[in-house]
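One structure is given below, encoded as structure tokens.
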Amino acid sequence: MKVLCLWYATERELSSIRSALPQGTEVVAPQGTYFSRFESTYKALEQHAIDADAFIGWAIPEGLLESASKLRILSYLHSGVDDLADIGALTLARQRGFKVANIRGANAVAVAEQAMMFILALAKQTLFKHQASRENHRLFPLFADEHRSAMLSSRTITVVGVGNIGSRVAKFAKGFDMQVIGVRRNKAKTDPHIDAMYGPDELHSVLGKSDYVVLCTPNTGETFQLFGEGELAAMKPSAFLINIARGNLVQEQPLYDALISGRLRGYAADVWPKYAYGRTFPEGSVPRLEIQRLPNVIGSCDQAANADDVLERYIEWGTQNLVEFAEG
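All residue numbers for the sequence shown refer to our numbering, where the first residue is -8 and numbers rise by one.
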């Protein structure tokens, strides 16, 4: 079996992949200079792609899958596969019969920790108070509404999407003595860290009980633009909304209106909405209404998974996909 790494893998990374796979497996990667280590070009990969049995990596140059006539499996080093659908890779996989595997859950701990950071930063007004401290401002009067922090203890948090990440968020929230509500497609499937589970059709009924709402769902036809005017209106004005999943889960105009009118206390997101070329106009990958500039909004530029241990786990889990494929 020949495995092509789609990034400029280090010798240590190549060695770890080789050692996990059956003896005699050829593992290759592009060489030379690069702009980003985790991507490559068609030109740099073509010579190996034409007879590769397996691809593993984060980014696929245009035309590469089409040139890989012997490809039998793609191990995609991301949790979601919606991006593959967008570039036609899943359609091609069905037509040509090669397998596609992802690494769902590999970044779950890091992303769940990021969610808790957002919850605490919003509740405790961390950025506002840090700036006040830097400028030596005295926040007066004491206990004024605009200065007083929110609490987590004994408050209710709703986790929308109780998968690998959502379950971790629920577990961490329990550490703060929070009441945890879950919303998932199969509400009969329990979770040890969830106090009460509801189905998607019951979402509005639980939003009014929630002090914090965390979105952890993948981007699918069912969840695209999931959170709009009705959902925001169902929330408490004192509540916080945290999006740790995909930017397009939340409708930007109703979100902006709720944030500036006081209908929503604060918003945090690891990702902003994406306006794809050919699907929207004008295109863009930042909020059209500049919600990131509002004083009650914080973001982290898609950095939730940029943490210790995550890169190694991505490669380890992606390699395990290839091991399981090789073993049948």
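For each residue, glycine too, the CB sits at the ideal point set by N, CA and C.
Every value quoted in this text rests on a predicted model; they were computed, and no experiment measured them.
**OP:** Excluding the 5 residues preceding and the 5 following V277 in the sequence, name in chain order all residues of the same chain whose CB lies nearer than 6 Å to its CB.
**Re:** W263
Original post:
Quick one, are the C-beta atoms of A230 and S201 less than 7 Å apart?
Top reply: yes
Original post:
Can A99 and R159 be called in contact, C-beta distance under 7 Å?
Top reply: Yes, the Cβ-Cβ distance between A99 and R159 is below 7 Å.
Subject >> Straight-line gap, M142 to L130 (C-alpha atoms, nearest Å) >> reply: Here the C-alpha atom of M142 lies approximately 19 Å from the C-alpha atom of L130.
Original post:
By Cβ distance, which residues of its chain are closer than 7 Å to L55, with the 5 residues on each side in sequence left out?
Top reply: Y33, L36, A40
Subject >> Status (buried if at least 16 other CB within 10 Å, exposed otherwise) for Q105 >> reply: buried
Original post:
In the segment 108 to 173, which residue ranges form an unbroken alpha helix (DSSP H) of at least 4 residues, counting only runs that do not cross its ends?
Top reply: 117 to 125, 155 to 165
Original post:
Buried or exposed: which applies to Q242, given that a residue is buried once 16 or more other Cβ atoms fall within 10 Å of its Cβ?
Top reply: buried
Original post:
Can M(-8) and D44 be called in contact, C-beta distance under 7 Å?
Top reply: yes
**OP:** Tell me, please, whether the segment 14 to 34 touches the segment 85 to 96 by the rule of three or more beta-carbon pairs shorter than 8 Å.
**Re:** no
Original post:
Taking the alpha-carbon positions, what's the D168 to M188 distance?
Top reply: Approximately 18 Å, taken between the alpha carbons.
Subject >> Terminal residues of the alpha helix (DSSP H) in which G290 lies >> reply: Run containing G290: none in the alpha helix (DSSP H); it sits in the beta strand (DSSP E), 288 to 290.
Original post:
Per DSSP, which one or two residues make a beta bridge with E57?
Top reply: DSSP output for E57 lists no bridge partner at all.
**OP:** Assign C207 to one of two classes, buried (16 or more other C-beta atoms within 10 Å of its C-beta) or exposed (fewer than that).
**Re:** buried
**OP:** Tell me whether K34 sits in a helix, a strand or coil according to DSSP, three-state version.
**Re:** Under the three-state reduction of DSSP output, K34 falls in the helix class.
**OP:** Measure the beta-carbon distance from G71 to L(-3) and round it to whole angstroms, keeping in mind my assumption that it falls under 8 Å.
**Re:** The Cβ separation is near 17 Å, so there is no contact.
**OP:** Measure the Cβ-Cβ separation of A101 and A260 and say whether it is below 7 Å.
**Re:** In terms of Cβ geometry, A101 and A260 do not form a close pair [threshold 7 Å].
**OP:** Locate the beta strand (DSSP E) running through L313, then write down its first and last residues.
**Re:** For L313, there is no enclosing beta strand (DSSP E); the enclosing alpha helix (DSSP H) has its first and last residue at 301 to 317.
Original post:
For D293, which of Y25, N234, L223 has the nearest alpha-carbon?
Top reply: Checking every option, the nearest Cα to that of D293 belongs to N234.
Original post:
Among D299, D300, A249, R279, which residue has its Cα nearest to the Cα of N287?
Top reply: A249
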